[in-house]
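Protein chains in written order, with my numbering: chain A, 1255 to 1566; chain B, 4 to 284.
For each residue, glycine too, the CB sits at the ideal point set by N, CA and C.
What follows is a short report on a single structure.
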């Protein structure tokens, strides 16, 4: 259903745009406007299929989509799907890495915080994480870029790997890529950390008051076992679903962060596409991101049902 | 007037963090409103040498074109405030109306409205904003409209569930039995109940909108004619050699500080408001 809405939106946005592409095409620099003759315009309209009624255009658009044909980028001289495919891996890998890192660290910190609730450790950590989680990701990225990369020279300033590099072995190649990916992933992880921390803390706090926790303690189990085996297992449910639900906003954050670090992913591509006014490509990227996010949301729904038998 | 008094009372109940937050936001408001008087230099044309360090004449230094940065920050505050409050206001009012209507009518209308809300919530907002910005031209007005179109769902959902629960109260049933209509119920019974909740979500939306605008402007996709904080950052980052010179110390640091201050201040206020409302309930 939502897929349908997005596709429809994607279809109508350029057609609702003020102005006519042929007026744009037929006017040149300065005041001298060379106009196409009526028959030329009619020919072009027929060529692009713009003379047909909306319904016909719409159905042909959908059939093209189903065939996997989302258009051809004039600027890059390649089909949109190929261009996105080349850039996709970069983005997907930093997004996944960031979610993994922030989820792991956030959950551990959140559980510890809940365990020592209202102690000094909890209070300090809580206010600290609240403070950083409000700062937008791209600002964190810029700060890292200036301090860690530019001043201290610990990390490369931009890019996804060294240009013109000759790698002696495969391991060098991997290290280089990881080295470049470190700051973007760190930035995105910090931006996401608060969400997972707060969620796991809340979830743990409510689990810790349950009767089976008292039983576990009465059995004389060690603290570590209680936290990670008994409590966390039950507190994991909302965290798992949040992983999938947060993908949408991580993608949004990745678009900005990639541009901070000039990381060669889809987000950087999107900005390039806007700068060179490659509308077909912009739409293709939007479609790609939207479809990915929606699929993840759908997955979240399914997984939640699997994990929690109480939800029918 | 009654509501203004309520707001004053709740500000008095803020703790230290909340009060600091209010103070910072008021300061930024002041900067934004009186930016013309507070900065002695124009914000769009050069007024000194390029890349001057902060000093007596140019408090925060100048950028590569010699434009005073303090003036740019002041006018940027205006943009941030307009976008933040404009979006929150539009989305808060629109969302509340939709929420009240949905909760009040129930049945099929409610179901359809909730389906639409679910759909809007999952749409990735930043890519959508970029697409709309690319096609319809980036202007502050368009940014506000697009942000509001993506934000109304939050207050709408909260308001709806509150209205649903208020509808079950005996005094509402009594009012209905006396023949109270939609408007009477809304004004007399729903609004006082939902107002604090709407307040919290509106505060949240404000900071979200400010961050979104700064992000878009940073990408260079914001309104190119408005000197917003994100746009200053965009210029600074795209300046060749910014990483290897000392210019970033004033050129990059000042907009970043401004954004972080405002956003954290709003976060403090929102946490405190939430705390007060929760303790009341």
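Name the DSSP beta bridge partners of residue i, please?
{"i": "residue 1326(A)", "result": "1333(A)"}
{"i": "residue 65(B)", "result": "71(B)"}
Name the chain A residues that come within less than 8 Å of residue i, Cβ to Cβ?
{"i": "residue 267(B)", "result": "1385, 1388, 1389"}
{"i": "residue 259(B)", "result": "1393, 1396, 1397"}
{"i": "residue 130(B)", "result": "1505, 1506, 1509, 1524, 1539, 1540, 1543, 1544"}
{"i": "residue 234(B)", "result": "By Cβ distance, chain A contributes nothing, its closest Cβ being about 13 Å from residue 234(B), past 8 Å."}
{"i": "residue 48(B)", "result": "Correct list: empty, because the minimum Cβ distance to chain A is about 25 Å."}
{"i": "residue 262(B)", "result": "1390, 1393"}
Relative to the C-alpha of residue i, which candidate in the options has its C-alpha closest?
{"i": "residue 29(B)", "options": "278(B), 268(B), 276(B), 106(B)", "result": "268(B)"}
{"i": "residue 109(B)", "options": "182(B), 195(B), 24(B), 171(B)", "result": "171(B)"}
{"i": "residue 146(B)", "options": "157(B), 128(B), 197(B)", "result": "128(B)"}
{"i": "residue 213(B)", "options": "231(B), 99(B), 222(B)", "result": "231(B)"}
{"i": "residue 1519(A)", "options": "1362(A), 1539(A), 1489(A), 1531(A)", "result": "1539(A)"}
{"i": "residue 1461(A)", "options": "1486(A), 1444(A), 1473(A)", "result": "1486(A)"}
{"i": "residue 22(B)", "options": "183(B), 272(B), 119(B)", "result": "272(B)"}
{"i": "residue 149(B)", "options": "89(B), 187(B), 111(B)", "result": "89(B)"}
{"i": "residue 169(B)", "options": "281(B), 181(B), 107(B)", "result": "107(B)"}
{"i": "residue 1456(A)", "options": "1506(A), 1366(A), 1468(A)", "result": "1366(A)"}
{"i": "residue 191(B)", "options": "201(B), 93(B), 178(B), 76(B)", "result": "178(B)"}
{"i": "residue 208(B)", "options": "222(B), 96(B), 240(B)", "result": "96(B)"}
{"i": "residue 24(B)", "options": "45(B), 280(B), 275(B)", "result": "275(B)"}
{"i": "residue 216(B)", "options": "58(B), 60(B), 79(B), 118(B)", "result": "79(B)"}
{"i": "residue 1338(A)", "options": "1530(A), 1559(A), 1506(A), 1521(A)", "result": "1521(A)"}
{"i": "residue 197(B)", "options": "159(B), 125(B), 124(B)", "result": "159(B)"}
{"i": "residue 120(B)", "options": "98(B), 138(B), 132(B), 137(B)", "result": "98(B)"}
Since I believe residue j is in contact with residue i (beta carbons under 8 Å), could you give me their beta-carbon distance rounded to a whole number of angstroms?
{"i": "residue 1544(A)", "j": "residue 1260(A)", "result": "5 Å"}
{"i": "residue 85(B)", "j": "residue 193(B)", "result": "With 8 Å as the limit, residue 85(B) and residue 193(B) do not qualify as a contact, their Cβ atoms being about 29 Å apart."}
{"i": "residue 101(B)", "j": "residue 143(B)", "result": "That pair is no contact at about 24 Å."}
{"i": "residue 71(B)", "j": "residue 53(B)", "result": "At roughly 11 Å, the Cβ-Cβ gap does not stay under 8 Å, so residue 71(B) and residue 53(B) are not in contact."}
{"i": "residue 1348(A)", "j": "residue 263(B)", "result": "Actually they are not in contact, since the Cβ atoms of residue 1348(A) and residue 263(B) sit about 23 Å apart, beyond 8 Å."}
{"i": "residue 1557(A)", "j": "residue 134(B)", "result": "Not confirmed; about 29 Å, so no contact."}
{"i": "residue 1353(A)", "j": "residue 1497(A)", "result": "6 Å"}
{"i": "residue 1399(A)", "j": "residue 222(B)", "result": "At roughly 15 Å, the Cβ-Cβ gap does not stay under 8 Å, so residue 1399(A) and residue 222(B) are not in contact."}
{"i": "residue 1501(A)", "j": "residue 1547(A)", "result": "6 Å"}
{"i": "residue 211(B)", "j": "residue 154(B)", "result": "7 Å"}
Answer yes or no: the CB of residue i versus the heavy atoms of the ligand ZN, is any distance below 7 Å?
{"i": "residue 276(B)", "result": "Among the ligands in the structure shown, none appear at all, so the ligand ZN cannot be discussed."}
What in chain B is Cβ-close to residue i, meaning under 7 Å?
{"i": "residue 1342(A)", "result": "Going along chain B, no residue has its Cβ under 7 Å from residue 1342(A), so there is no contact; the nearest lies around 14 Å."}
{"i": "residue 1502(A)", "result": "125, 127"}
{"i": "residue 1513(A)", "result": "222"}
{"i": "residue 1475(A)", "result": "Under the 7 Å cutoff, chain B gives no residues; its nearest Cβ is about 34 Å from residue 1475(A)."}
{"i": "residue 1528(A)", "result": "133, 137, 224"}
{"i": "residue 1259(A)", "result": "122"}
Under 9 Å Cβ-Cβ, which residues of chain B neighbour residue i?
{"i": "residue 1498(A)", "result": "Near residue 1498(A) there are no residues of chain B at all, since even the closest Cβ is about 11 Å away, more than 9 Å."}
{"i": "residue 1411(A)", "result": "246"}
{"i": "residue 1404(A)", "result": "245, 246, 247, 251"}
Name the chain A residues that come within less than 9 Å of residue i, Cβ to Cβ?
{"i": "residue 30(B)", "result": "Under the 9 Å cutoff, chain A gives no residues; its nearest Cβ is about 18 Å from residue 30(B)."}
{"i": "residue 270(B)", "result": "1384, 1385, 1387, 1388"}
So which residues of chain B does residue i contact, with C-beta pairs closer than 8 Å?
{"i": "residue 1400(A)", "result": "246, 251, 255"}
I want to see whether chain C comes within less than 8 Å of residue i, judged by CB atoms only; does it?
{"i": "residue 60(B)", "result": "The question asks about chain C, but that chain is absent: this structure's protein chains are A and B."}
### Task
Please name the residues in the segment 1537–1553 of chain A whose beta-carbon is closer than 8 Å to at least one beta-carbon of chain B, in chain order.
1537, 1539, 1540, 1543, 1544, 1547, 1548, 1551
### Task
Check distances from the C-beta atoms of the segment 1323–1337 of chain A to those of chain B and list, in chain order, the residues that come in under 9 Å.
none
### Query
Taking Cβ-Cβ distances below 7 Å as the criterion, which residues of the segment 110–123 of chain B are in contact with chain A?
122
### Message
If the cut-off is 9 Å on Cβ atoms, which residues from the segment 1340–1368 of chain A count as contacting chain B, listed in chain order?
### Response
none
### Query
Listed from N- to C-terminal order along the chain, which residues in the segment 206–231 of chain B have their beta-carbon within a distance smaller than 8 Å of any beta-carbon of chain A?
210, 214, 217, 218, 221, 222, 223, 224
### Residues of the segment 240–254 of chain B whose Cβ lies closer than 8 Å to any Cβ of chain A, in chain order
240, 246, 247, 251
### Query
In the segment 131–143 of chain B, which residues sit with their C-beta less than 8 Å from some C-beta in chain A, listed in chain order?
131, 133, 134, 135, 136, 137, 138, 139
### Query
Taking Cβ-Cβ distances below 9 Å as the criterion, which residues of the segment 1436–1453 of chain A are in contact with chain B?
none
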